[in-house]
Structure formats: structure tokens, C-alpha cells
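Number of protein chains: 2
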Amino acid sequence: MADFNHIAKEFVQFYYKTFDENRAALAGLYRHNSMLTFEAQGIQGAEAIVEKLQSLPFQQIQHRTDTIDAQPSGEDGILVLVTGALLVGGEDKPMSFTQAFQLKSEASGFFVFNDVFRIVYPAA
Amino acid sequence: MADFNHIAKEFVQFYYKTFDENRAALAGLYRHNSMLTFEAQGIQGAEAIVEKLQSLPFQQIQHRTDTIDAQPSGEDGILVLVTGALLVGGEDKPMSFTQAFQLKSEASGFFVFNDVFRIVYPAA
Numbered sequence: 002m003a004d005f006n007h008i009a010k011e012f013v014q015f016y017y018k019t020f021d022e023n024r025a026a027l028a029g030l031y032r033h034n035s036m037l038t039f040e041a042q043g044i045q046g047a048e049a050i051v052e053k054l055q056s057l058p059f060q061q062i063q064h065r066t067d068t069i070d071a072q073p074s075g076e077d078g079i080l081v082l083v084t085g086a087l088l089v090g091g092e093d094k095p096m097s098f099t100q101a102f103q104l105k106s107e108a109s110g111f112f113v114f115n116d117v118f119r120i121v122y123p124a125a
Numbered sequence: 002m003a004d005f006n007h008i009a010k011e012f013v014q015f016y017y018k019t020f021d022e023n024r025a026a027l028a029g030l031y032r033h034n035s036m037l038t039f040e041a042q043g044i045q046g047a048e049a050i051v052e053k054l055q056s057l058p059f060q061q062i063q064h065r066t067d068t069i070d071a072q073p074s075g076e077d078g079i080l081v082l083v084t085g086a087l088l089v090g091g092e093d094k095p096m097s098f099t100q101a102f103q104l105k106s107e108a109s110g111f112f113v114f115n116d117v118f119r120i121v122y123p124a125a
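Laid out in C-alpha cells, this is it:
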């Protein structure tokens with residue numbers, strides 16, 4: 002797991018590019034036991050997760066990642082914490098967000114086991 | 002692991018209360034294999050982690066937690082994502098932060114295996 006930083010960066014770039022261009026294709030990154038907590042709403046399973054992401058009330062979105070930190074987490078996992086900004090189509094103000102992923106390895110690579118997303122509002 | 006939300010909330014309350022009142026006592030929450038990534042700086046082991054936290058250039062700090070999300074992560078882990086604000090002594094403006102923890106169970110309870118901290122700057 003020496004290249005966990007590299008794996009995390011490639012994953013993050015792929016994730017947000019896919020989110021911004023073709024949300025349906027995110028299904029390939031989740032499995033039946035994957036979990037998403039999106040603004041406190043808990044969802045389980047690839048199908049339900051992608052359904053949720055596709056139901057979000059905007060057609061266009063652009064993510065920018067500002068920081069990507071990764072740590073090995075157990076024998077087959079990588080914890081990734083992202084901070085960044087997103088701009089929803091039709092809005093002119095970006096919002097800060099944070100997202101934590103727990104990636105787990107499988108034969109063909111990594112999938113998203115845990116996924117927690119939060120908008121971060123200005124502190125004061 | 003039905004009460005992972007409860008465990009996460011109790012941990013988070015205890016963590017920041019201890020951080021704000023007696024940083025040295027955080028040592029009890031980490032083990033020799035624990036990892037902290039603090040603003041991109043990686044540190045391993047309870048002793049080095051607490052040394053780092055104690056060396057931060059402020060005497061007083063107050064954390065406020067705005068959101069605490071938790072998910073079970075494997076058989077013996079809990080992923081926790083926190084967002085909140087912190088106010089450093091002598092400053093008058095709070096800063097937003099995000100912190101991801103991977104808690105792992107041991108005989109006596111849970112310890113912090115992964116810990117990633119980031120200040121979140123306003124998006125624009």
C-alpha cells in the first residue's frame with residue numbers, strides 16, 4: 002500500500018470528473034454494501050446511491066478539489082479526505098465541501114465502501 | 002455496531018473537550034500505529050501525534066462541532082466525519098475545519114487509528 006497517495010489522487014480525480022460529466026457512471030465505483038451519508042441522509046447500495054446522486058436538484062455541477070489526504074486504513078483500505086468547492090449550474094457562488102471516502106481493495110482495484118459528504122458553511 | 006452513531010458522538014464530544022482543556026490527555030486515544038495527517042503533515046504513533054498537537058502555536062483553542070456523521074467501516078471500525086469551527090485564543094474570527102477519524106475497537110473500547118485534519122477556507 003506504498004502508493005496509497007497515488008491511488009487516492011487518481012480516484013478523486015476520476016470521481017469528480019465522472020460526477021460532473023456523467024453521474025450515472027458513478028455506479029461502477031460502489032457495491033451492494035457501500036454506504037453514502039449525504040448531508041445526513043444515509044443510503045446503502047450502489048443502485049440507491051446513484052439514484053440519490055442523480056436525483057439532486059441540479060443539472061450541472063463543477064467540483065474543484067483543494068486538498069486530498071490519504072492514509073492506509075487496515076490491510077485493504079485507504080481513507081481519503083477531500084476538501085474543495087463546488088459550483089452548481091445557474092448559481093454564481095461556489096460552496097465549500099468536504100468528503101471522506103473509505104476505499105476497499107478487490108480483485109480488480111478499489112471500490113467505495115464508505116462515503117460521507119457535507120457542505121461546509123462559513124464559520125461565522 | 003448498531004450504536005455506531007452513539008459511539009461516534011460520545012467520542013467526538015470527548016475528543017474536542019479534551020483537546021480544548023488538556024491536549025496532553027489525547028495520548029490515551031491513540032496507539033503506536035495510529036496516524037495523523039494534520040494540514041498535510043503526516044505523523045505516526047501516539048507519542049509523536051500528541052507532541053505535534055501540543056506544539057501547535059496557540060495556548061487556547063475552542064472547537065465547535067456543527068456536524069458529526071458516522072458509518073460502520075468493516076467489522077471493527079467506525080468512520081467519523083466532523084465539520085465545525087475553531088477559535089484560537091487571541092483571534093476574533095473562527096475558522097471552519099473538517100476532521101475524519103477511523104475508530105477501531107479494542108478490548109477496552111475504541112482508539113483512533115486514522116485521523117485527518119484540515120482547515121476549510123471559504124470557497125471564494
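Quick mapping for you: the protein sequence lines, in order, are chains A and B. Quick note, the first sequence lines up with residues 2 to 125 if you use this note's numbering. Quick note, the second sequence lines up with residues 2 to 125 if you use this note's numbering. The beta carbon of each residue, even a glycine, is placed where N, CA and C say it ideally should be.
Taking DSSP as the reference, what is the three-state secondary structure of residue i?
i: residue 21 of chain B; result: helix
i: residue 37 of chain A; result: strand
i: residue 110 of chain B; result: strand
i: residue 9 of chain A; result: helix
i: residue 49 of chain A; result: helix
Considering Cα atoms alone, identify which of the options is closest to residue i.
i: residue 98 of chain B; options: B/115, B/37, B/75, B/123; result: B/123
i: residue 94 of chain A; options: B/125, B/113, B/60, B/80; result: B/125
i: residue 41 of chain B; options: A/96, A/68, A/104, A/74; result: A/68
i: residue 84 of chain A; options: B/52, B/117, B/23; result: B/117
i: residue 21 of chain B; options: B/79, B/57, B/110; result: B/57
i: residue 8 of chain A; options: A/101, A/33, A/79; result: A/79
i: residue 14 of chain B; options: B/65, B/48, B/32; result: B/65
Per DSSP, which residues does residue i bridge with? Please list them.
i: residue 103 of chain A; result: A/80, A/115
i: residue 63 of chain B; result: B/88
i: residue 98 of chain B; result: B/85, B/120
i: residue 26 of chain A; result: Beta-bridge pairing links residue 26 of chain A to no other residue.
i: residue 70 of chain A; result: A/82
Where does residue i land, buried or exposed, given buried means 16+ other C-beta within 10 angstroms?
i: residue 63 of chain B; result: exposed
i: residue 4 of chain B; result: exposed
i: residue 119 of chain B; result: buried
i: residue 100 of chain B; result: buried
Since I believe residue j is in contact with residue i (beta carbons under 8 angstroms), could you give me their beta-carbon distance rounded to a whole number of angstroms?
i: residue 104 of chain A; j: residue 12 of chain A; result: 6 angstroms
i: residue 43 of chain B; j: residue 61 of chain B; result: Between residue 61 of chain B and residue 43 of chain B the Cβ distance is about 26 angstroms, and since that is not below 8 angstroms, they are no contact.
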